[in-house]
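2 protein chains.
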Amino acid sequence: MSNKLDTGIKNARNVNRYIFGRGAIQQLASIVSSRRNSAKDQVVFLIDEFFKTFPEPLGGLPRQGDDLVIFVSTRDEPTTDFIDALTEEAVSKGGREACAIVGIGGGITLDTAKAVSNLLTNGGHAADYQGWDRVKVPGVFKIGIPTLSGTGAEATRTCVMTNQENGLKLGMNSDHTVFDQLILDPDLTATVPRNQYFFSGMDAWIHCVEALSGSFRNPVGDAFSTQAINLCRDVFGGDEMMSDESRAKLMVASYLGGCAIATSYVGVVHPFSAGLSVVLGFHHCVANCIAMMAMEPYYPREYREFVDFVEKNEVHIPKGVCIGLVESQFDALYQSTIIHEKPLVNALGVSFRDNLTETRVRELFEKM
Amino acid sequence: MSNKLDTGIKNARNVNRYIFGRGAIQQLASIVSSRRNSAKDQVVFLIDEFFKTFPEPLGGLPRQGDDLVIFVSTRDEPTTDFIDALTEEAVSKGGREACAIVGIGGGITLDTAKAVSNLLTNGGHAADYQGWDRVKVPGVFKIGIPTLSGTGAEATRTCVMTNQENGLKLGMNSDHTVFDQLILDPDLTATVPRNQYFFSGMDAWIHCVEALSGSFRNPVGDAFSTQAINLCRDVFGGDEMMSDESRAKLMVASYLGGCAIATSYVGVVHPFSAGLSVVLGFHHCVANCIAMMAMEPYYPREYREFVDFVEKNEVHIPKGVCIGLVESQFDALYQSTIIHEKPLVNALGVSFRDNLTETRVRELFEKM
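If you're matching them up, the sequences are chains A and B in order.
Note that our numbering has the first sequence beginning at 708, numbered continuously upward.
Note that our numbering has the second sequence beginning at 708, numbered continuously upward.
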């Protein structure tokens, strides 16, 4: 794996603007107001449902007139039907003319905001745009405000969603999917439950670990990944992962980790994690952590560091998740893991199937 | 200096897109062609004069029809008159209708391309836009291709120029000054003279060192600076600063260092360096290195690392540059150093004049 191949020369698209700092959410009012040409111009707020009953951290939305506030359920990860339903709700209330979309929440909410933004201007259904570069015109101007750190959704050109009809879990990979503006305010992650905070944070760490262990490499991606890993190490190897300083660092790590994704690939963890999500319904970040617990053969040093993080921060990773599964479920787990060829080639080379036989894959799932 | 103040909540603007990789310059043709609506659409190429007699590294420009190629002299750093003259030359040949500007070169050429781009669409003269947010409308779509690493000009929202009428050295600080597209191809720095390569590279290292030693801080800026410094350490503390791997790393460090500038301030080195440039005409990067040689009292650890870099890479830093200067020149050096209040407050606090007395400043210049 020391043979560094190039990732191919990709044209990476950055988020246009970002504001970083404690209390940065207070800048939302002026940013939103700069998007309104008249007082009647509508803003669509898509907000993690958590803030419905606990709105204090947001400090009052700059809401007026016909603005729409839609709370986004985070019980399940987004499906294309879910995105279509939310888009329809927005459209029925005038959303096609919205001057801005504001997404406030974790990866689910941010991805939802990106997808709805694209659909409002492009028309059609979410499933029409799953894939690469299928979005034709820019979406509604979109502002992302993460309230959870780690997935990097704030910085990427995709928005992951599952099409339940055909089982396809694939985002709208497009330059148009990238946020126009980010507000990165580490005060907003103070109320995240500790387990969730850890799982999400580990998403950044894990994809950077996978990227740096792979054979498809790019010096820019490597630099972002290295710094994100160092920040995660400070946070999860330090005294208190949720101190003010740690939350600020993890928010930076998440952003840099998201930037790294543009020029890197993941490895063995994400395909297994995808299996857990598709077959057993685990959310992405906890699924990564569950998978990581069986990754000692592939990432021995990182596995030990991960276990240290878990113990040090006294978090709970679900165990024994594959106990009692039937043959057809193991088969589905194998299929939905092995399908991720690009990351597996990145990690193990083109002959990855020689290593990841059906028996071997099952053994690994049984360890989780 | 351990008391971290916030830099204030700034809305940082990223470069829209970047391509990073060896041979990336080959992508220029398709990018330029995507900007032309018709074959008659003009592209303006502003190119470091070095490539006039040695065009091979650029591999053939995608030039056609009425395209303009202007070679930019790098003997002196840009003045407002120089920018105006280049703009006039472009305008006289139809440049106001240009569909793209391509800047290929070091900081001088990139800054020139940014400034000319703004002037072609905004009209008027360069001096009209020196300052903050005075540029009214977006410039011509601009593509930056650095052939030297370190200044970060490829990533910043300014383009430094001196107004010789009033002595003001100040850029067009504006979101409109940021490049729309970068092509970062480390093969293009293979022919840089070793001293120049070192001086420019040290610009990234020095401003990141100053930023991380200052009291105005931002976690995003800190992350970019830290990683840029680590990369510089690999490059200048490693075996060969100009190997393929080192040149790739330094190009990344330059980009990250440029990104750091948006949310950080420099310290003591840059004000002294500015003095050397304004009064004695030294170019920015060599002036930084000359100044750094007298910075042991302010950055003791970094000073030692810098001296190690100089010795290891066998580069030559001009010495004794203030020998034989007259009183009025020392006075001018003092004035043009002490005027940089913000970085000096960042480094030394609001009472920086107690430390940097006229005598003390003169002593430091005499050590250079």
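The beta-carbon is built from N, C-alpha and C at its ideal position, and this holds for glycine as well.
Beta carbon of residue i nearer than 8 Å to that of residue j
i         : j        : result
Asn880/A  : Asn723/B : no
Asp910/A  : Leu919/A : no
Lys876/B  : Ala981/B : yes
Val842/A  : Asn870/A : no
Pro785/B  : Thr819/B : yes
Thr816/B  : Asp774/B : no
Gly862/B  : Cys992/B : The question names Gly, but residue 862/B is Ala in the sequence shown. Result no, Cβ atoms of Ala862/B and Cys992/B do not sit closer than 8 Å.
Gly878/A  : His914/A : no
Tyr1005/B : Val986/B : no
Asn925/A  : Phe778/B : no
Candidates the options, of which the one nearest residue i by Cα
i         : options                                  : result
Pro893/B  : Ser950/B, Gly974/B, Arg940/B, Tyr1005/B  : Ser950/B
His977/B  : Met1000/B, Ala935/B, Ile890/B            : Met1000/B
Val959/B  : Leu855/B, Glu1003/B, Val1017/B           : Leu855/B
Glu763/A  : Asp835/A, Val844/A, Ile732/A, Asp783/A   : Ile732/A
Thr1066/A : Ile1045/A, Leu963/A, Asn1053/A           : Ile1045/A
Gly830/A  : Glu795/A, Ser907/A, Phe1013/A, Gly813/A  : Glu795/A
Tyr972/B  : Val1017/B, Thr816/B, Ala797/B, Glu1048/B : Glu1048/B
Gly908/A  : Lys717/A, Leu938/A, Pro926/A, Leu891/A   : Leu938/A
Val809/B  : His832/B, Val975/B, Phe789/B, Ile852/B   : Ile852/B
Tyr904/A  : Ile726/A, Ser961/A, Leu793/A             : Ser961/A
Glu1018/B : Val1028/B, Cys996/B, Thr781/B            : Cys996/B
Gly874/A  : Asn1053/A, Ala1039/A, Val1057/A          : Ala1039/A
Arg940/B  : Asp887/B, Gln1042/B, Glu1009/B           : Glu1009/B
Gly1031/B : Met1075/B, Leu957/B, Ala1054/B           : Met1075/B
Tyr1041/A : Gly945/A, Asn1062/A, Gly772/A            : Asn1062/A
Residue-level contact to chain A via CB, residue i, 8 Å cutoff
i         : result
Lys956/B  : yes
Ala967/B  : no
Gly964/B  : no
Leu938/B  : yes
Asn717/B  : For the record, residue 717/B in the displayed sequence is Lys; it is not Asn. Yes, because at least one Cβ of chain A sits closer than 8 Å to the Cβ of Lys717/B.
Pro845/B  : no
Val985/B  : no
Arg1008/B : no
Asn721/B  : yes
Thr781/B  : no
Thr869/B  : no
Ala792/B  : no
Ala860/B  : no
Closer than 8 Å to chain B by CB, residue i
i        : result
Phe727/A : yes
Asn744/A : no
Pro764/A : no
Pro926/A : yes
Gln934/A : yes
Ala911/A : no
Arg724/A : yes
Val798/A : no
Ala981/A : no
Val842/A : no
Ala807/A : no
Thr970/A : yes
Val959/A : yes
Ala930/A : yes
Contact set for residue i: own chain, Cβ-Cβ below 7 Å, skip 5 residues either direction
i        : result
Asn902/A : Val1022, His1023
Pro845/A : Thr828, His883
Leu765/A : Ile732, Phe758, Ile811
Other residues of its chain near residue i: CB distance less than 8 Å, five sequence neighbours each side excluded
i         : result
Arg864/B  : Arg720, Asn880, Ser881, Asp882, Thr884, Val885, Ala969
Asn710/B  : For Asn710/B, the pLDDT reaches just 45, beneath the cut-off of 50, and the residue's location in the model is therefore unreliable, leaving the point undetermined.
Asn1118/A : This structure cannot speak to residue 1118/A, because chain A is shown only from 708 to 1075.
Ile790/A  : Thr819, Ala822, Val823, Leu826, Ala833, Met868
Trp839/A  : Asn880, Ser881
Neighbourhood of residue i by C-beta distance below 6 Å, restricted to the same chain and skipping five residues each side
i         : result
Val776/B  : Phe752
Ala1145/A : For residue 1145/A there is no data in the structure shown, the boundaries of chain A being 708 and 1075.
Val750/B  : Val739, Asp774, Ala807
Gly857/B  : Ser907, Gly908, Asp910, Ala911, Ser961
Gly802/B  : Val751, Leu827
Arg1069/B : Phe1037
Residue ranges of each alpha helix (DSSP H) run of no fewer than 4 residues wholly in the stretch 969–1010 of chain B, ordered along the chain?
976–987, 991–999
Which runs of the beta strand (DSSP E) fall wholly inside the stretch 756–801 of chain B and span at least 3 residues, in chain order?
775–779
Starting from the N-terminal side, write out each stretch of the alpha helix (DSSP H) that is 4 residues or longer and does not extend beyond the stretch 809–869 of chain A.
814–829
What ranges does the alpha helix (DSSP H) occupy inside the stretch 929–961 of chain A, keeping only unbroken runs of at least 4 residues that lie completely in it?
none
Restricting to runs no shorter than 4 residues, where is the alpha helix (DSSP H) found entirely within the stretch 1011–1062 of chain B?
1034–1045, 1048–1055, 1059–1062
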